[in-house]
Structures are given as C-alpha cells and as structure tokens.
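Notes follow the structure.
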Amino acid sequence: MFATNNHRMNAQFIINSLTQVLLLTAGGVGVVVISWNLLRNDFRKYMSAQPAGTVKGEDAGLLQLRLQAYERMIVFVDRLNPSNLFLRLYEQGIPAAGLQAIILNEVRSEYQHNVSQQLYINAASWDVLRKLKDDTIVMVNNAVNGLPEDASGKDLSRKVLEHMAGIAANPYELTIKLIKQDIHQLF
C-alpha cells in the first residue's frame, strides 16, 4: 500500500510538472505569436531600410543634379577669383584695357554658361554667386579707371591683387564655404 501510494504521488507529480511545462510553453508561444503580429511591420521596415544617406528613386536623380550644380558653382567661383583669372587670361604685353575686355567677357561667359544651375541650388546661394560675379566686374572696372591710359595688363593685375590683399575676408573663399554648407545640408 505504501508503494502504491508513493507510485501515485510520483505519477501525480509528473502529471503536475508536465501540465505546468505545457502551460508555460503555451504561454510562451502565445507571447511570441502576439509579439510577432504586433512588431512584424516594424521588423519588415527595418530589414528593408536603406543605409543612412541613401536616397530612393527620383530623389537620387535630383540629388545627383543638385550635387553637380554645386560642384559647377565651386568651379565657377574658383574661375572668378582674380588670382586665377589673371593666371589664365594674362598675355605678355597686353594693355590694361585689352585685359579688362578679356576678363569681363570671360566672367560674363562663365556666368551665362552656369546660369541654369540656379534651378538646383539654394536661392540665397545663387544671389551670393550673382553678386560675386557683379562685384568682380566692378572691381576690375574700378581698377582700370584708377590706372593711366597706357597702363599694362600687368599693372591691372597688380592693382586688383593688391585690392584683394587688402580685403579682410576673401569673398571667393567665403562663397565656397557657403556652397559647402549648402551641400552638407543635403545629407
């Protein structure tokens, strides 16, 4: 009798243990199923997300156009910089008036070549670029007006570069810095 009682208690203990294991397993499975149903959309979004800094579809094409426009504007500013203008356009023995005409033609031509880029860049930045172009023309014209009629192109370049050296903040460098800030805002 004692053995059967002990046997019943063991059987009862096993049944209770199995019941508890089954209840806990069913509860765990239930939690997993409910959690999956609640979080599956978020999980799918996470798994299909593109790496940071990438752009989808048409936005990628527009971003590429905008970046190219900003690149062209940096080249434009660099080409407008008087030190580069004179290096590129100066010819030995050219009079100041002749160099002035070549420079003004070059500045206007560069601007016209890049005018369509305003579609893709910040409007305030475009205004700064246009003003920089106008200021470059005024600076060259003022320098020529302050020279004698028989002045050489070398005299003109010296006068403009001396003027640039006297400016506390180089407007060409500041404009490039502004363009770079605009580019960083794209990302």
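According to our numbering, the residues represented by the sequence shown are 851 to 1037, in order. Backbone N, C-alpha and C fix where the C-beta goes; we use that ideal spot for every residue, glycine too. Values in this document were obtained by computation on a predicted structure and should not be read as measured data.
Selection from the options that minimises the alpha carbon distance to residue i
i, options, result
"Glu960", "Leu982, Pro945, Ile971 and Gln942", "Leu982"
"Ile924", "Leu939, Asp909, Arg890 and Asn964", "Asn964"
"Thr986", "Phe936, Gln862, Lys1009 and Leu930", "Leu930"
"Arg958", "Asp1005, Val927, Ile971 and Ala974", "Val927"
"Pro1021", "Pro998, Asp984, Leu1036 and Gln1035", "Asp984"
"Gly943", "Leu917, Gln1031 and Ser1007", "Ser1007"
"Met1014", "Met989, Asp1032, Pro998 and Leu1036", "Met989"
"Leu969", "Gln918, Thr875 and Leu872", "Gln918"
Identity of the residues DSSP links to residue i by a beta bridge
i, result
"Pro945", "Ser1002"
Contact check, residue i vs residue j, beta carbons under 7 Å
i, j, result
"Gly1003", "Leu949", "yes"
"Leu935", "Ile953", "yes"
"Leu1028", "Ser975", "yes"
"Ala1001", "Ala946", "yes"
Local conformation of residue i per DSSP, three classes
i, result
"Ile971", "coil"
"Lys906", "Because Lys906 sits at a pLDDT of 47, beneath the cut-off of 50, its placement in the model cannot be relied upon, and the point is left open."
"Gly877", "helix"
"Ala993", "helix"
"Tyr1022", "helix"
"Ile953", "helix"
"Asn934", "helix"
"Ile1017", "coil"
message: Using a Cβ distance threshold of 8 Å, determine whether the stretch 987-998 contacts the stretch 876-889, with at least three qualifying pairs required.
response: Cβ pair count under 8 Å is below three, so no.
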